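A.B. asks: Under my numbering, residues 320 to 732 are what the sequence shown spells out, in order.
No residue lacks a Cβ here, since even glycine has one placed at the ideal position from N, Cα and C.
Because the structure is a prediction, the values reported are computed rather than measured.
A single structure is presented below for examination.
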Amino acid sequence: MRVVLPVLVALLLTGCASPTTQRVSVSKEQTATEAQKQLDIVAEELISETKRLREVHWRLSTKGVAMCPKVGPAWGAELATTPKGELAGSMVRLYGTSEVPTVLFLVPGSPAEAAGLRPGDRVLSIYGTPTSDTKALAEKRRTMKAQDPMPLVVRRGVEELKFEVKPVPACDYPAVLAPQQILNAFADGERIMITRGMMNFARTDEELALVVGHELAHNTMRHIDAKKANAAGGFVADLALAVLTRGAYNQANFAQAAASAYSQEFEAEADYVGLYMMAAAGYAIDDAPKFWRRMAAANPGNIKGTHSASHPSTSYRMVALEEAVKEIKVKAASGSALIPTKKDGTAFAGTSSAAPGAGGAAEVSMCVQKGRRVGDTFKVPGDGEYVVRRIQSTAGNCPSSMADNALVERVTR
Ligand SMILES: [Zn+2]
């Protein structure tokens with residue numbers, strides 16, 4: 320009896336708890352039509368967030384190239400194939416995607432736009448390699464120099480067109496929009512990920528640039544060993560796709576990056592270097608520190624901070640950024656390059672003690688003595704010997720007027 324009674328009570332309760340109003344009748348077709356509309360909205364929202372992320376990332380990674388140890392060709396076209404899953408229909412109808420990588424949008428002012436590409440173009444081959452062979456294409460891209468011309472064959476309607484894009488060198492750490500609505504961002508040594516939650520939290524492009532710059536800085540400063548990240552996260556299989564189609568969709572398996580792999584010191588350094596990238600990209604940095612006040616309002620638990628926390632407190636981050644803003648303004652006023660200062664006073668080149676990346680790209684951007692030529696070798700005290708691969712800039716990018724910015728490759732340690 321003691322066992323049965325609660326069951327009876329439950330039955331009686333559910334018996335009473337049915338709706339009593341007449342309501343309205345809705346057909347299955349109506350609901351299905353609305354579901355399609357809502358999926359279209361999701362697709363449009365994802366593309367628009369990707370475009371915003373891409374534009375901010377473009378500006379930071381092309382203008383901040385002098386701070387990057389890993390440089391690759393950037394051309395500013397967003398490509399995608401039709402994703403698997405519920406968004407497939409919307410992507411085909413709204414953006415003309417297919418199994419061939421299709422141009423979704425072009426970054427304004429990018430080489431791809433200048434070359435005459437258009438949204439909807441289907442890219443059949445790049446560098447003479449069919450885009451269907453993603454492995455060969457990733458390999459080809461890796462071996463190309465950043466400014467090598469990039470021949471493309473494109474299908475537009477019934478026509479097949481040839482283009483030659485002239486890429487620009489950029490920090491070679493692609494950005495991916497992670498689908499989660501949580502407030503976070505990640506760097507895994509090779510790419511950066513910004514969640515949809517963070518995209519929405521960052522109200523202005525300046526705020527987004529602060530976040531993207533911070534994540535880029537984790538990679539440029541080699542805070543995490545890319546190989547370790549790959550081993551831990553199993554990211555390798557995603558990589559070719561991410562590089563070629565910049566696949567931002569169906570990336571749910573993508574997120575558990577090394578959020579806890581950094582120390583507070585590295586976090587503070589990423590804030591500092593990221594702010595320099597922002598300044599180098601021409602963003603207004605004056606209000607950047609206040610981002611951490613808004614973050615404090617959203618996460619009051621981080622205002623005071625603790626030693627064991629992975630990140631410095633929001634109060635520390637705010638005032639440290641304010642001091643960094645002052646430092647950058649002094650440099651800008653005196654006409655110095657907007658490049659972070661290193662403790663030992665040596666030239667800043669991302670991290671000059673870094674090993675070649677997992678992609679094998681060992682070229683490092685560095686300030687070298689004026690007058691160096693391609694093929695010259697030189698020694699960095701306490702670091703090793705380098706060979707000059709390319710003079711990138713002879714004006715403005717280095718703290719001293721007696722230095723040029725060059726792409727160099729390590730010869731010995
Ligand atoms: Zn961080």
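Report the three-state DSSP secondary structure of A725 (helix, strand or coil).
C.D. replies: In the structure shown, A725 sits in a strand (DSSP, three-state: E or B).
A.B. asks: Assign I513 to buried or exposed, taking buried as 16 or more other Cβ atoms, counted over all protein chains shown, within 10 Å of its Cβ.
C.D. replies: It counts as buried.
A.B. asks: Which residue's Cα is closest to the Cα of Y492: N724, M469, R461?
C.D. replies: Checking every option, the nearest Cα to that of Y492 belongs to R461.
A.B. asks: What does the Cβ neighbour count give for R441, buried or exposed, with the cut at 16 atoms within 10 Å?
C.D. replies: When all chains shown are included, R441 counts as buried.
A.B. asks: What do you get for I360, buried or exposed, if any count of 16 or more other CB atoms within 10 angstroms of its CB means buried?
C.D. replies: I360 should be labelled exposed.
A.B. asks: Following the continuous alpha helix (DSSP H) through R613, name the residue where it begins and the one where it ends.
C.D. replies: Start and end: 610 to 617.
A.B. asks: Given that a residue counts as buried once 16 or more other Cβ atoms are within 10 Å of its Cβ, and exposed if not, what is T416?
C.D. replies: It is buried - the Cβ of T416 has at least 16 other Cβ atoms within 10 Å.
A.B. asks: Is Q499 helix, strand or coil when you go by DSSP?
C.D. replies: Q499 falls in the coil class under three-state DSSP.
A.B. asks: Using a Cβ-based criterion (distance less than 8 Å to any ligand heavy atom), does F424 qualify as near ligand 1?
C.D. replies: Not so, every heavy atom of ligand 1 lies at least 8 Å from the Cβ.
A.B. asks: Can you name, in chain order, every residue of its own chain whose Cβ lies under 7 Å from the Cβ of Y595, other than the five neighbours on each side?
C.D. replies: If we look at Y595 and ignore the five residues flanking it on each side, its Cβ neighbours are M386, I647, L657, I658, P659.
A.B. asks: Give the straight-line distance between the Cα atoms of F505 and A521, rounded to the nearest whole angstrom.
C.D. replies: Approximately 15 Å between the Cα atoms of the pair.
A.B. asks: Below 8 Å, is the gap between the Cβ of A506 and the nearest heavy atom of ligand 1?
C.D. replies: Answer for A506: yes, Cβ within range of ligand 1.
A.B. asks: With a threshold of 8 Å, establish whether the CB of E526 neighbours any heavy atom of ligand 1.
C.D. replies: False, no ligand heavy atom lies under 8 Å from that Cβ.
A.B. asks: Under a criterion of Cβ closer than 5 Å to any non-hydrogen atom of ligand 1, which residues qualify, in chain order?
C.D. replies: Residues flagged by the Cβ proximity filter: E586, A589.
A.B. asks: Should A600 be flagged as near chain C, meaning a C-beta pair shorter than 9 Å?
C.D. replies: This model lacks chain C altogether; it includes just one protein chain.
A.B. asks: Under the assumption that T448 contacts P420 (Cβ atoms under 8 Å), give the Cβ distance between them as a whole number of angstroms.
C.D. replies: About 12 Å; that fails the 8 Å criterion.
A.B. asks: Kindly indicate which three-state DSSP category A336 falls into: helix, strand or coil?
C.D. replies: Of the three classes helix, strand and coil, the one that applies to A336 here is coil, per DSSP.
A.B. asks: Where do the N-terminal and C-terminal ends of the beta strand (DSSP E) with T421 fall, by residue?
C.D. replies: 421 to 425 is the span of the beta strand (DSSP E), which, as asked, contains T421.
A.B. asks: Can you say whether D605 is buried or exposed, counting buried as having 16 or more other CB atoms within 10 angstroms of its CB?
C.D. replies: Burial call: exposed.
A.B. asks: For G395, count the other beta carbons within 10 Å of its own beta carbon; 16 or more makes it buried, fewer makes it exposed. Which is it?
C.D. replies: Answer is buried; the Cβ neighbour count reaches 16.
A.B. asks: Name the DSSP bridge partner or partners of R475?
C.D. replies: In DSSP, R475 forms a bridge with E478.
A.B. asks: Could you check whether V592 and P488 sit closer than 9 Å to each other, using their CB atoms as the reference points?
C.D. replies: For P488 and V592, no; Cβs fall outside 9 Å.
A.B. asks: Could you give the residue range of the beta strand (DSSP E) that holds R441?
C.D. replies: Counting along the chain, the beta strand (DSSP E) containing R441 begins and ends at 441 to 445.
A.B. asks: Here's the rule: buried if 16 or more other CB atoms are within 10 angstroms of the residue's CB, otherwise exposed. What is A643?
C.D. replies: By the neighbour-count rule (16 or more Cβ atoms within 10 Å), A643 is buried.
A.B. asks: Would you tell me roughly how many angstroms separate the C-alpha atoms of A497 and A725, rounded to the nearest one?
C.D. replies: In a straight line, the C-alpha of A497 is about 34 Å away from that of A725.
A.B. asks: Where does T448 sit, in a helix, a strand or coil, going by DSSP?
C.D. replies: Of the three classes helix, strand and coil, the one that applies to T448 here is strand, per DSSP.
A.B. asks: Under a three-way DSSP split, which group does V390 fall into?
C.D. replies: Three-state result, V390: strand.
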